[in-house]
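Enquirer: According to the numbering used here, the stretch in the sequence shown is residues 852 to 1126, in order.
Here a beta-carbon is modelled for each residue, glycine too, at the ideal position from N, C-alpha and C.
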Amino acid sequence: MKIALMDSGIGLLAAAAALRRLRPDAELVLSSDPDGMPWGPRTPQDLTGRALTVARAAAAHRPDALIVACNTASVHALPALRAALEPSIPVIGTVPAIKPAAASGGRVAIWATPATTGSPYQRGLIRDFADGVRVTEVPCPGLADAVEAGDEAAVVRTVAAAAALTPADVTDVVLGCTHYELVAASIRAALDRRTGGGAYVFHGSAEPVAVQALRRLGARPEPGLPYTGGLTVLLSGRPGTLPAAALGYAEGRLLAGHGSAEEAVGETVGGSVPG
């Protein structure tokens, strides 16, 4: 079984690590776009073009499925990606986990990029799945860039700024960018200070989207299987290796064979993916 994942950068690590834990026998293809990142500031048309190029590079390796491990690309490019690759290669997108977060009926905070925060897309998800629930949209300028660069000081600074905008009585926190799941521990530490250690639940997409991909292939999680899966890395279509910044995260070390599955288990739960 071979599964490809695509993103502008290392945001795909969380979902890839989830797949590695759930199916140690799966071959993984990681296709990113260092030449074209970040995708967020691009026009939808330009972003879709970049995403199609990255997806086609992955498709050349004949995967059984492709995960679009990027919220922004899922919003703007998912229809084009599916039109180009399906039915030969199932394409699984990623959306913020607003629906499961709102199901508790508590106080929801959605951490997302400035481009996504307040967008018609996110407001539509709130309207459809969180009507009547108290929702705070929290913009996180610079956080994805800090994660991508492996800049710990910048992560701490940008996380602290976002935490200050999060209600102290929050019960559910949606991580609306795949990059954020890589620094869930830093986010939790900042929110613990903000809430006085209050009880809240993280909602991310890594494990749900991994499970969805397996389901689309008629497979199921089997974490006890021997580790036999390989790893192919594509950088703007070129064969490469995991970038140095990726090895600064437990998920990257797991994929590189330098870490344990236990270390790379994220703190996020819940999730939402389109079929």
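Under the rule that 16 or more other beta-carbon atoms within 10 Å means buried, what is Gly969, buried or exposed?
Expert: The residue given as residue 969 occupies position 118 in the sequence shown. Gly969 is exposed by the Cβ-count criterion.
Enquirer: Can you find at least 3 beta carbon pairs, one from the segment 864–876 and one from the segment 1075–1088, that sit closer than 8 Å?
Expert: Yes, the segment 864–876 is in contact with the segment 1075–1088.
Enquirer: Can you tell me whether His1054 is buried or exposed? The criterion is at least 16 other CB atoms within 10 Å of its CB, across all chains shown.
Expert: Along the sequence shown, read from residue 1 onward, the residue named residue 1054 stands at position 203. The residue is buried, with at least 16 neighbouring Cβ atoms inside 10 Å.
Enquirer: Could you give the residue range of the beta strand (DSSP E) that holds Glu1058?
Expert: The residue given as residue 1058 occupies position 207 in the sequence shown. From DSSP, Glu1058 is part of no beta strand (DSSP E) but of the alpha helix (DSSP H) over 1057–1067.
Enquirer: Would a C-beta distance cut-off of 7 Å place Ala916 and Arg1066 closer than the cut-off?
Expert: Taking the first residue of the sequence shown as position 1, residue 916 is located at position 65. Taking the first residue of the sequence shown as position 1, residue 1066 is located at position 215. Result no, Cβ atoms of Ala916 and Arg1066 do not sit closer than 7 Å.
Enquirer: Assuming His1054 is part of the beta strand (DSSP E), what are its boundary residues?
Expert: Start at 1 with the first residue of the sequence shown, and residue 1054 comes out as number 203. From DSSP, the beta strand (DSSP E) with His1054 extends over 1052–1054.
Enquirer: Per DSSP, what kind of secondary structure is Thr987 in: helix, strand or coil?
Expert: In the sequence shown, counting from the first residue as 1, residue 987 sits at position 136. Strand at Thr987.
Enquirer: Of the choices Ala909, Leu929, Asp1002, Val1021, whose alpha-carbon is the least far from that of Ile854?
Expert: Position 3 of the sequence shown holds residue 854. Nearest of Ala909, Leu929, Asp1002, Val1021 to Ile854, Cα basis: Ala909.
Enquirer: One question on the structure: do Ala953 and Asp858 come within less than 7 Å of each other, judged by their Cβ atoms?
Expert: In the sequence shown, residue 953 corresponds to position 102, counting from 1. In the sequence shown, residue 858 corresponds to position 7, counting from 1. No, these two residues do not count as a Cβ contact at 7 Å.
Enquirer: State whether the segment 974–981 contacts the segment 1036–1049, with contact taken as three or more CB pairs (one from each stretch) at a distance under 8 Å.
Expert: No, they do not touch.
Enquirer: Grouping DSSP H, G and I as helix and E and B as strand, with all else coil, what is Val1024?
Expert: As a first step, residue 1024 is located in the sequence shown; it is residue number 173 there, counting from the start. Strand, per DSSP.
Enquirer: Where does Leu1093 sit, in a helix, a strand or coil, going by DSSP?
Expert: Here the question's residue 1093 lines up with position 242 in the sequence shown. Of the three classes helix, strand and coil, the one that applies to Leu1093 here is coil, per DSSP.
Enquirer: The alpha helix (DSSP H) with Ser955 in it runs from where to where?
Expert: The residue labelled residue 955 in the question sits at position 104 within the sequence shown. Careful: Ser955 lies outside any alpha helix (DSSP H) and carries neither H nor E.
Enquirer: Consult DSSP for Glu878 and reduce its assignment to one of helix, strand or coil.
Expert: As a first step, residue 878 is located in the sequence shown; it is residue number 27 there, counting from the start. Three-state DSSP puts Glu878 in a strand.
Enquirer: Following the continuous alpha helix (DSSP H) through Leu1106, name the residue where it begins and the one where it ends.
Expert: Reading the sequence shown from its first residue, position 255 is the one you call residue 1106. Note, Leu1106: alpha helix (DSSP H), 1101–1106.
Enquirer: When you compare the segment 938–948 with the segment 879–886, are there three or more beta-carbon pairs, one atom per stretch, that lie closer than 8 Å?
Expert: They do not touch, by the three-pair rule.
Enquirer: Once the 5 residues before and after Val926 are set aside, which same chain residues still bring their CB inside 6 Å of it?
Expert: As a position in the sequence shown, residue 926 is number 75, starting the count at 1. Result list for Val926: Tyr972, in chain order.
Enquirer: Beta-carbon of Ala1005 versus every beta-carbon of chain D: anything under 7 Å?
Expert: Considering every chain present, this structure includes no chain D. It has just one protein chain.
Enquirer: With distances taken from CA atoms, which of Ala867, Arg893, Ser955, Ala1064 is nearest Ala928?
Expert: In the sequence shown, residue 928 corresponds to position 77, counting from 1. Checking every option, the nearest Cα to that of Ala928 belongs to Arg893.
Enquirer: I need the DSSP call for Ile977, collapsed to helix, strand or coil.
Expert: If you number the sequence shown from 1, residue 977 lands on position 126. DSSP places Ile977 in helix when its eight states are reduced to three.
Enquirer: Would you grab the beta carbon distance between Arg871 and Leu1098 for me? Rounded to a whole angstrom, and I think it's under 8 Å.
Expert: As a first step, residue 871 is located in the sequence shown; it is residue number 20 there, counting from the start. As a first step, residue 1098 is located in the sequence shown; it is residue number 247 there, counting from the start. Not confirmed; about 15 Å, so no contact.
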